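This report concerns only the one structure given below.
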């Protein structure tokens with residue numbers, strides 16, 4: 001499948017920026033949380049921690065683990081070794097989209113901490129997964145593969 | 001069990017949380033504020049002040065449209081015109097018709113009336129051009145029929161047709177090999193292949209011409225590296241690109257050994273059969289036919305229709321899985337107007353001829369190739385001939401180079417000019433010397449035409465001999 005018609009060399013650089021994508025993202029997190037809350041056996045703090053953990057793992061998987069594009073691009077494989085996060089806005093830092101996607105996990109962590117009443121076990125799990133998604137988002141870590149993890 | 005949520009309790013918990021935790025949350029909130037206030041990193045565009053702009057404009061010196069124009073007597077400024085059809089004889093407008101050993105019409109099918117008739121018949125139906133790329137109203141049933149016929153001829157699943165021979169290999173290679181991949185290529189591959197290799201942005205490893213041992217060493221080295229970093233090896237595709245008969249040397253590639261290496265080191269093998277299409281093998285199917293190697297041992301065959309097939313354009317054949325990929329990824333296929341239908345019709349007729357009488361044509365051609373080889377090898381102590389004896393392309397080189405490429409070329413050019421006065425149309429192999437990966441030695445490129453008679457071949461020998469005597473002795 002060729003990505004043609006919208007004048008974008010790599011559609012992965014721009015679709016995250018649409019307001020629809022932002023709204024869907026927020027709606028998805030909300031839906032996940034409501035679903036977890038609706039399960040009778042799960043207490044409210046557990047539901048928050050689960051929301052946070054699932055969100056962060058999914059965030060890590062889709063933005064920092066999977067490389068390349070679902071499209072066949074005409075860039076001769078330039079983006080083959082780039083994660084989706086690195087492809088956003090062609091690698092430009094501190095764009096609105098990048099800020100938005102970085103702020104979401106932080107806010108989610110703060111909320112989760114509040115609703116888990118700052119219990120240590122919850123905190124440890126939530127903070128660990130927060131670091132998992134925050135560190136690779138830092139501009140200093142652009143195209144950096146610590147210890148060669150996920151290099152190819 | 002989930003219980004009632006008590007807002008008061010929650011805020012109590014917030015107050016009771018340790019100072020470290022609150023500090024951490026404070027840091028995170030600061031992060032958010034920092035992100036909100038951070039400026040978008042400036043894109044790499046450089047903005048100049050008015051003054052700088054003016055300075056730059058004042059400094060600018062326009063370059064001449066043609067930098068370093070060649071001297072008036074440069075041969076490229078004095079091209080020759082061929083009048084009429086280039087067949088066994090050429091009309092250069094000098095009065096006498098010259099025996100043609102310069103153009104690549106090995107089987108001389110361009111002079112067959114039925115090929116011309118087929119083209120004319122199609123011309124009356126479809127007009128001259130197809131007026132569009134294949135994916136955009138440029139496909140006619142003639143193109144589809146030619147693709148089917150090519151696939152059947154090569155005993156493959158699919159074929160894809162290009163409108164220009166050069167862009168066939170230059171598009172097909174980058175359609176598969178991308179940045180991060182490795183291509184092993186013979187150092188003498190032709191210029192179109194070199195362009196394809198370059199456009200792929202892959203790492204290109206050239207092995208010495210027809211040197212299987214060198215290739216094996218390189219592959220062995222790579223497999224040692226792969227063992228150290230298996231993850232990288234998994235993400236790297238490896239290709240091998242060779243020509244069946246190298247147009248720049250006339251030598252044949254040792255396909256059976258290459259096929260063994262392909263299996264051992266899991267390479268994808270692409271062969272350019274531009275010279276050998278129609279000229280090699282018992283069924284004139286090319287080098288796989290010659291060595292009797294099944295088509296599944298080769299991943300893709302590329303060839304142009306501009307030599308034996310007496311037409312224009314090029315094609316790739318292989319499995320459906322491989323070939324169909326080019327319909328969206330072969331840039332020359334996607335973005336060029338398709339082959340004029342009349343040329344495709346001519347090619348279909350050529351395939352008819354190759355299928356019905358190809359076996360005899362090949363035998364005749366190879367016999368002529370051997371005869372010419374014999375004549376040329378006995379020519380003179382000053383020249384040596386390179387190329388397989390059954391190759392329709394041969395190169396005449398100076399046995400002792402003067403050490404300077406241009407001087408060598410000038411000697412050879414004089415031989416070509418003298419040969420013309422003895423009724424022979426020869427051509428100096430011309431290259432873009434600065435852009436060739438490993439420039440071949442200067443040579444006169446001799447192409448063999450199947451319809452040459454034994455007397456004419458004798459005449460070729462005598463004429464070149466005379467020309468050499470006049471120039472070098």
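Residue numbers (the UniProt record's numbering), protein chains in the order written: chain A, 1 to 152; chain B, 1 to 473. Idealized CB from N, CA, C, for every residue including glycine. Owing to the predicted nature of the structure, the values given are computational and were not obtained by experimental measurement.
Mark residue i as exposed unless 16 or more other C-beta atoms lie within 10 angstroms of its C-beta, in which case mark it buried.
i                      : result
residue 317 of chain B : buried
residue 357 of chain B : exposed
residue 294 of chain B : exposed
residue 259 of chain B : buried
residue 57 of chain B  : exposed
residue 39 of chain B  : exposed
residue 9 of chain B   : exposed
residue 53 of chain B  : exposed
residue 147 of chain A : exposed
residue 65 of chain B  : exposed
residue 469 of chain B : exposed
residue 1 of chain A   : With a pLDDT of only 42 at residue 1 of chain A, under 50, the local geometry of the prediction cannot be trusted, and the value read off the model is given with reservation. Flag for residue 1 of chain A reads exposed.
residue 326 of chain B : buried
residue 310 of chain B : buried
residue 263 of chain B : exposed
residue 4 of chain A   : Residue confidence for residue 4 of chain A is low, a pLDDT of 49 falling below 50, so the modelled location carries little weight; the figure read from the coordinates is stated next. Looking at its Cβ environment, which holds fewer than 16 other Cβ atoms inside 10 Å, residue 4 of chain A is exposed.
residue 447 of chain B : buried
residue 86 of chain A  : buried
residue 381 of chain B : exposed
residue 144 of chain A : exposed
residue 292 of chain B : exposed
residue 149 of chain B : buried
residue 359 of chain B : exposed
Starting from the beta carbon of residue i, find every residue of chain B whose beta carbon is closer than 7 Å, and list them in chain order.
i                      : result
residue 145 of chain A : Residues of chain B passing the Cβ test: none, with the nearest at roughly 11 Å.
residue 113 of chain A : 25
residue 106 of chain A : 28, 31 and 32
Do residue j and residue i have their beta-carbon atoms positioned less than 9 Å apart in this structure?
i                      : j                      : result
residue 199 of chain B : residue 76 of chain A  : yes
residue 21 of chain B  : residue 123 of chain A : yes
residue 273 of chain B : residue 312 of chain B : no
residue 239 of chain B : residue 181 of chain B : yes
residue 168 of chain B : residue 341 of chain B : no
residue 41 of chain B  : residue 94 of chain A  : yes
residue 330 of chain B : residue 162 of chain B : yes
residue 48 of chain A  : residue 116 of chain A : yes
residue 88 of chain A  : residue 33 of chain A  : no
residue 215 of chain B : residue 184 of chain B : yes
residue 28 of chain B  : residue 110 of chain A : yes
residue 78 of chain A  : residue 201 of chain B : yes
residue 395 of chain B : residue 443 of chain B : yes
residue 80 of chain A  : residue 179 of chain B : yes
residue 425 of chain B : residue 102 of chain B : yes
residue 204 of chain B : residue 253 of chain B : no
residue 155 of chain B : residue 268 of chain B : no
Assuming residue i and residue j form a contact by the criterion Cβ under 8 Å, report the distance between their Cβ atoms to the nearest whole angstrom.
i                      : j                      : result
residue 397 of chain B : residue 384 of chain B : 6 Å
residue 132 of chain A : residue 60 of chain A  : 5 Å
residue 408 of chain B : residue 88 of chain B  : Actually they are not in contact, since the Cβ atoms of residue 408 of chain B and residue 88 of chain B sit about 29 Å apart, beyond 8 Å.
residue 499 of chain B : residue 135 of chain B : With chain B running from 1 to 473 in the structure shown, residue 499 of chain B is simply not present.
residue 387 of chain B : residue 302 of chain B : So it is not a contact: roughly 21 Å between Cβ atoms.
residue 336 of chain B : residue 176 of chain B : Residue 336 of chain B to residue 176 of chain B, Cβ: 19 Å. No contact.
residue 241 of chain B : residue 298 of chain B : Rounded, the Cβ-Cβ distance is 12 Å, inconsistent with contact.
residue 428 of chain B : residue 405 of chain B : Rounded, the Cβ-Cβ distance is 12 Å, inconsistent with contact.
residue 421 of chain B : residue 106 of chain B : Their Cβ separation, rounded to whole angstroms, is 26 Å, which puts residue 421 of chain B and residue 106 of chain B out of contact at 8 Å.
Interface residues of chain B around residue i at Cβ under 9 Å?
i                      : result
residue 49 of chain A  : Chain B residues near residue 49 of chain A: none, gap ~13 Å exceeds 9 Å.
residue 152 of chain A : 180, 229, 231, 232, 233, 234, 235 and 236
residue 77 of chain A  : 177, 178, 179, 180, 181, 200, 201 and 202
residue 94 of chain A  : 35, 38, 39, 40 and 41
residue 141 of chain A : Simply none; closest approach about 14 Å.
residue 103 of chain A : 31, 32, 35 and 36
residue 81 of chain A  : 179, 180 and 235
Starting from the beta carbon of residue i, find every residue of chain A whose beta carbon is closer than 8 Å, and list them in chain order.
i                      : result
residue 21 of chain B  : 113, 118 and 123
residue 174 of chain B : 76
What residues from chain B crowd round residue i, counting only those whose CB sits closer than 8 Å?
i                     : result
residue 99 of chain A : 35, 36 and 38
residue 72 of chain A : 328 and 329
List the residues of chain A whose Cβ lies closer than 7 Å to the Cβ of residue i, in chain order.
i                     : result
residue 17 of chain B : 118
Does the region 273 to 285 of chain B come close enough to the region 141 to 152 of chain B to have 3 or more Cβ pairs within less than 8 Å?
Judged by Cβ distances under 8 Å, the region 273 to 285 of chain B makes no contact with the region 141 to 152 of chain B, as fewer than three pairs qualify.
At least 3 beta-carbon pairs within less than 8 Å: the region 362 to 381 of chain B vs the region 443 to 463 of chain B
The region 362 to 381 of chain B makes contact with the region 443 to 463 of chain B; the number of CB pairs closer than 8 Å reaches 3 or more.
Counting pairs of beta carbons, one from the region 133 to 146 of chain A and one from the region 212 to 229 of chain B, are three or more of them closer than 8 Å?
The region 133 to 146 of chain A is not in contact with the region 212 to 229 of chain B.
Does the region 74 to 85 of chain B touch the region 316 to 331 of chain B, meaning 3 or more C-beta pairs lie closer than 8 Å?
The answer is no - the region 74 to 85 of chain B does not touch the region 316 to 331 of chain B, with fewer than three Cβ pairs under 8 Å.
Three or more beta-carbon pairs under 8 Å between the region 103 to 119 of chain B and the region 349 to 367 of chain B, yes or no?
Segments in contact, yes.
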